[in-house]
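Data block below; observations after.
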Amino acid sequence: MENLLSDLEGLRIAMNIEKRGFNFYQKAYNKCKDTQAKALFKALMEEEQEHLCTFTEYFNRIEACKEAHTAEYLFDAETSKYLTVLVESHVFPTEQDAERIINELVTVGNIIKLALGAEKDSILLYDELAKCSKFEDARTIFLKLKGEEQRHVTEISQKLKEIVNA
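When you line the sequence shown up against full-length UniProt numbering, it's residues 1 to 166, in that order.
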C-alpha cells in the first residue's frame with residue numbers, strides 16, 4: 001500500500017524542514033568568521049525559527065479538526081511520492097549531516113550556495129503543498145512561507161554576489 005500524505009503530513013514535513021534549516025544556519029553561523037555572512041546566517045536562523053512556530057500553530061489547529069484525519073483529505077499518490085522524494089533528497093541536510101557538510105564545503109561561498117539551493121527546493125515544496133492542500137488555512141500558510149523563502153533566495157543571492165565580487 002502506498003503511503004499517501006495529507007495536509008497534516010505536509011505540515012509535519014514543513015516543520016521538519018524548518019528545524020533542519022535552523023540547524024544548518026546555526027552551524028553555518030558558528031563556523032563562519034565573516035561578519036556579514038554571520039549576520040545573514042543569524043537572520044535566516046531566526047526566520048526559520050519563526051516559520052517553525054507558524055507551522056506548529058497551524059498543524060495543531062488542523063489536527064484538532066476531525067476531517068483532517070479522513071481519507072478524502074489525503075493527497076494523491078503521485079503528489080505524495082514527489083513530495084517524499086523532494087524532502088528526502090533535497091532541501092536542508094539532516095541535523096546529523098549538517099556539520100559534516102558545512103565542514104566539507106570549506107568556504108563561506110560554498111555554504112551560501114548550498115543554502116541557496118535548499119531555499120529554492122523549499123519554494124518548490126511549499127508551492128506543491130499549497131496546490132494540493134485541502135484546508136484553506138494550510139494553503140494560505142504554505143503560500144505565505146513560499147513568499148518568504150523567495151525573499152530568502154533574493155537575500156542569499158545578493159550575499160553570494162558580494163562574496164564573489166569581493
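For each residue, glycine too, the CB sits at the ideal point set by N, CA and C.
Closest by CA to residue i, which one among the options?
i: D26; options: L40, L116, A14; result: The identity of residue 26 in the sequence shown is Gln, whereas the question assumes Asp. It is L40 whose Cα lies nearest to the Cα of Q26.
i: N103; options: C65, D127, K31; result: K31
i: N60; options: Y126, K144, D137; result: D137
i: S64; options: D7, I13, A98; result: Here the sequence assigns Ala to residue 64, which means Ser is not the residue at that position. Considering only alpha carbons, the answer is D7.
i: D97; options: G21, F135, R12, G10; result: G21
Helix, strand or coil for residue i? Go by DSSP, reduced to three states.
i: residue 170; result: With the chain covering only 1 through 166, there is no way to say anything about residue 170.
i: S157; result: helix
Would residue i and residue j qualify as a contact pair, given that the criterion is a beta-carbon distance under 8 Å?
i: V108; j: A37; result: yes
i: V153; j: E119; result: yes
i: I112; j: K159; result: yes
i: residue 167; j: A115; result: Outside the shown range of the chain (1 to 166) lies residue 167, about which nothing can therefore be said.
i: Y58; j: L11; result: yes
Could you pull out every residue in the same chain whose Cβ sits closer than 6 Å to the Cβ of residue i, ignoring the five residues on either side in sequence?
i: K146; result: I123, Y126, D127
i: E162; result: none
i: A130; result: R139, F142, L143
Using C-beta distances below 7 Å, list every residue in its chain close to residue i, excluding the 5 sequence neighbours before and after it, in chain order.
i: K19; result: L52
Going by the C-beta, is residue i closer than 7 Å to any heavy atom of the ligand NAD?
i: G109; result: Among the components of this structure there are no ligands whatsoever, and the ligand NAD is therefore not found.
Short of 8 Å in beta carbon distance, which residues of its chain neighbour residue i, apart from the five on each side in sequence? Order them along the chain.
i: Y29; result: K38, F41, K42, M45
i: T94; result: R20
i: Q150; result: I123
i: E47; result: E148, H152
i: I62; result: D7, L8, L11, A68, F135, D137, A138
i: N165; result: none
task: Tell me the start and end of each unbroken beta strand (DSSP E) in the stretch 32–70 that is at least 3 residues and wholly inside, in chain order.
output: As far as the stretch 32–70 is concerned, it has no whole beta strand (DSSP E) run of at least 3 residues.
Alpha helix (DSSP H) segments (min. 4 residues) lying fully within the stretch 93–119: Counting only runs of 4 or more, we get 95–105.
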